[in-house]
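S.K.:
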Amino acid sequence: MKHNRCSEKFIALLVVMTVLLIPSRLFAEEPSYSTSLGFEFTTGKYGTGIKTDAIFMPFTVAVYPTERLDFSLQIPYVYQSSSAVVAGEFRGMQPQSMGMGSQSVLAAMGSMGSGTGGPGPRTTASAANVDKSQNGLGDITFRAGYIVVPEGDYLPGIRPNFFVKFPTADKNKFLGTGAFDGGLAVELFKWFGYWLTIGELGYAVQGKSSVLAVKNYLYYNAGVGYQIGERLRPMLMLKGSTPPVEGASAQLEARLRVKYQITEHTGIDGYVSKGINTSSPDYGTGLAFCLDF
229 MKHNRCSEKF IALLVVMTVL LIPSRLFAEE PSYSTSLGFE FTTGKYGTGI
279 KTDAIFMPFT VAVYPTERLD FSLQIPYVYQ SSSAVVAGEF RGMQPQSMGM
329 GSQSVLAAMG SMGSGTGGPG PRTTASAANV DKSQNGLGDI TFRAGYIVVP
379 EGDYLPGIRP NFFVKFPTAD KNKFLGTGAF DGGLAVELFK WFGYWLTIGE
429 LGYAVQGKSS VLAVKNYLYY NAGVGYQIGE RLRPMLMLKG STPPVEGASA
479 QLEARLRVKY QITEHTGIDG YVSKGINTSS PDYGTGLAFC LDF
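Residues in the sequence shown are numbered consecutively from 229, following the numbering used here.
1. For the putative contact between residue 312 and residue 276, defined by C-beta atoms under 8 Å, what is the C-beta separation to the nearest angstrom?
2. Shortest alpha-carbon distance to residue 450 belongs to which of 366, 406, 278, 415?
3. Distance check for residue 424 and residue 459, CA to CA, integer angstroms please.
4. Can you name, in chain order, every residue of its own chain whose Cβ lies under 6 Å from the Cβ of residue 305, other than the five neighbours on each side?
5. For residue 506, which residues in the same chain have their Cβ closer than 6 Å to its Cβ, ignoring the five residues on either side in sequence?
6. Which residue or residues does DSSP assign as beta-bridge partners of residue 455?
7. Tell me which same chain residues have a C-beta within less than 6 Å of the C-beta of residue 263, skipping the five on either side of it?
8. Restricting to Cα atoms, I'd like to know which of 457, 297, 453 is closest to residue 465.
9. Look at the alpha carbon of residue 372 and the alpha carbon of residue 390, and state the distance between them as a whole number of angstroms.
10. From the DSSP output, in three-state form, read off residue 502 for me.
11. Hey, quick one: how far does the beta strand (DSSP E) through residue 264 stretch, first residue to last?
12. Do you know how far the Cα of residue 504 is from the Cα of residue 448?
13. Going by DSSP, what residue range makes up the beta strand (DSSP E) through residue 300?
14. Looking at the secondary structure, which residues open and close the beta strand (DSSP E) in which residue 365 lies?
15. Under a Cβ-count criterion, where at least 16 other Cβ atoms within 10 Å of its own Cβ denotes burial, should residue 201 be classed as buried or exposed?
16. Using the Cα positions of residue 302 and residue 366, report the straight-line distance between them to the nearest angstrom.
17. Give the DSSP-derived three-state secondary structure of residue 346 in the structure shown.
18. In this structure, does DSSP put residue 400 in helix, strand or coil?
19. Around the C-beta of residue 279, are 16 or more other C-beta atoms found within 10 angstroms, so that it is buried, or is it exposed?
20. Could you name the residues that DSSP lists as bridge partners for residue 513?
21. Mind checking which residues open and close the beta strand (DSSP E) that includes residue 488?
22. If the criterion is Cβ atoms closer than 7 Å, does the pair residue 281 and residue 300 meet it?
23. Please say whether residue 474 and residue 432 have beta carbons closer to each other than 7 Å?
24. Count the other CB atoms, across all protein chains shown, that sit within 10 Å of the CB of residue 421; report buried if there are 16 or more and exposed otherwise.
25. Kindly indicate the opening and closing residues of the beta strand (DSSP E) around residue 460.
26. Between the C-alpha atoms of residue 438 and residue 430, what's the straight-line distance to the nearest angstrom?
27. Suppose you measure from the CA of residue 292 to the CA of residue 374; what does that come to, to the nearest Å?
28. For residue 287, which three-state DSSP category applies?
Here's what the structure looks like:
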């Protein structure tokens, strides 16, 4: 109970800090909006000995009051072929905007943070139910970020951000942990001609769960991309975390990611991935369609 209360206080503190630290003058500009619909597939055993295929379909709405400030809400549908792991923890692409001209480069690249929290050892599903497939609403996630230091000639852009995950997934179906989670991270980005380098380091606090023996963890990602013309940007990324579950190993996976701007307001974002450590998916792929207003 003490761990759960600490997690709830941490998440409440994130929300209060956001309200207090964002000046009202930031909302004076005309806001812009974006929506995206994604499809992700992952497969692996995650150290459980049971293969689990999972589908994650996130619908994301993002608001950009300025080029430096962003908010987003993600509502996912999830499917898993077994109950050996928590399917909602497979999330990872979470695209937001395809606006390649915006200062919010990492917001445009999509948040890569909380998706590193993975399933690790088996859930509490019984032997009779572990092979049963499940599907339904996943955990809804709210995110906010602000570029405190815009990119300069020599210094990288710096964007602190946080997320709060609401336990809307059915824990009895093992589609979620049944607890609130939250996290803080700092992102860096820098252009070198046509080359883009990005990185993020964050810390996630997980609420007490009766489904998995979860624990707090560090997460990170780093990548390099190359801008080809005005529309195409391939990227190579590494993302991982310390063990998010008791008895699990650290997570690490490599991703080849491609973003293509179809028009000024529409784009697609896709990736293929290969897990490196046991607790990561063996393979994964994803595709999202994005619309900016």
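The C-beta atom is built at its ideal place from N, Cα and C for all residues, glycine as well. None of these values were measured; they are calculated from a predicted model.
M.R.: According to the structure shown:
1. For this step, residue 312 is matched to residue 84 along the sequence shown. For this step, residue 276 is matched to residue 48 along the sequence shown. Indeed they touch by this definition, with Cβ atoms about 5 Å apart.
2. Position 222 of the sequence shown, counted from the start, is the residue given in the question as residue 450. Out of 366, 406, 278, 415, 415 has the C-alpha closest to the C-alpha of residue 450.
3. Translated into positions along the sequence shown, residue 459 becomes position 231. Translated into positions along the sequence shown, residue 424 becomes position 196. Residue 424 has its alpha-carbon roughly 14 Å from the corresponding atom of residue 459.
4. As a working note, residue 305 is residue 77 in the sequence shown. Around residue 305: 285.
5. Here the question's residue 506 lines up with position 278 in the sequence shown. Apart from the 5 residues on each side of it in sequence, residue 506 sits with its Cβ closer than 6 Å to the Cβ of 275, 477 in its chain, given in chain order.
6. If you number the sequence shown from 1, residue 455 lands on position 227. None; residue 455 has no bridge partner.
7. In the sequence shown, the residue the question calls residue 263 occupies position 35. Answer for residue 263: 289, 519, listed in chain order.
8. By one-based count along the sequence shown, residue 465 stands at place 237. Relative to the Cα of residue 465, the nearest Cα in the group 457, 297, 453 belongs to 453.
9. Counted from its first residue, the sequence shown places residue 372 at position 144. Counted from its first residue, the sequence shown places residue 390 at position 162. If I take the Cα positions, the gap works out to 6 Å.
10. By 1-based counting over the sequence shown, the position of residue 502 is 274. Residue 502: strand per DSSP, three-state reduction.
11. Residue numbering aside, residue 264 sits at position 36 when the sequence shown is read from its first letter. Here the beta strand (DSSP E) through residue 264 covers 260-272.
12. Counting from 1 along the sequence shown, the entry for residue 448 is found at position 220. Counting from 1 along the sequence shown, the entry for residue 504 is found at position 276. Pairing residue 448 with residue 504, the inter-Cα distance amounts to about 15 Å.
13. Along the sequence shown, read from residue 1 onward, the residue named residue 300 stands at position 72. Counting along the chain, the beta strand (DSSP E) containing residue 300 begins and ends at 297-308.
14. Your numbering for residue 365 matches position 137 in the sequence shown. Per DSSP, residue 365 is one residue of the beta strand (DSSP E) stretching across 362-365.
15. Beyond the ends of the chain as shown, which are 229 and 521, falls residue 201; an answer cannot be given.
16. For the purposes of this step, residue 302 is taken as residue 74 along the sequence shown, with counting starting at 1. For the purposes of this step, residue 366 is taken as residue 138 along the sequence shown, with counting starting at 1. Cα atoms of residue 302 and residue 366: separation of roughly 10 Å, rounded to the nearest angstrom.
17. Translated into positions along the sequence shown, residue 346 becomes position 118. No answer about residue 346 holds up, because its pLDDT of 42 lies below 50 and its placement is not dependable.
18. The residue labelled residue 400 in the question sits at position 172 within the sequence shown. Of the three classes helix, strand and coil, the one that applies to residue 400 here is helix, per DSSP.
19. Taking the sequence shown and counting its residues from 1, one reaches residue 279 at position 51. It counts as exposed.
20. Residue mapping note: residue 513 aligns to position 285 of the sequence shown, counting from 1. 269, 500, per the DSSP bridge assignment.
21. One-based indexing of the sequence shown puts residue 488 at position 260. Bounds of the beta strand (DSSP E) holding residue 488 are 479-489.
22. Working through the sequence shown from its first residue, we reach residue 281 at position 53. Working through the sequence shown from its first residue, we reach residue 300 at position 72. At a Cβ-Cβ threshold of 7 Å, residue 281 and residue 300 do not count as neighbours.
23. As a working note, residue 432 is residue 204 in the sequence shown. As a working note, residue 474 is residue 246 in the sequence shown. Result no, Cβ atoms of residue 432 and residue 474 do not sit closer than 7 Å.
24. Along the sequence shown, read from residue 1 onward, the residue named residue 421 stands at position 193. It counts as exposed.
25. Within the sequence shown, numbered from 1, the residue matching residue 460 stands at position 232. Residues 460-469.
26. In the sequence shown, counting from the first residue as 1, residue 438 sits at position 210. In the sequence shown, counting from the first residue as 1, residue 430 sits at position 202. Between the alpha carbons of residue 438 and residue 430 lies a distance of about 25 Å.
27. Taking the first residue of the sequence shown as position 1, residue 292 is located at position 64. Taking the first residue of the sequence shown as position 1, residue 374 is located at position 146. Roughly 10 Å separates the two Cα atoms.
28. Position 59 of the sequence shown, counting from 1, holds the residue named residue 287. DSSP, read as helix, strand or coil, puts residue 287 in strand.
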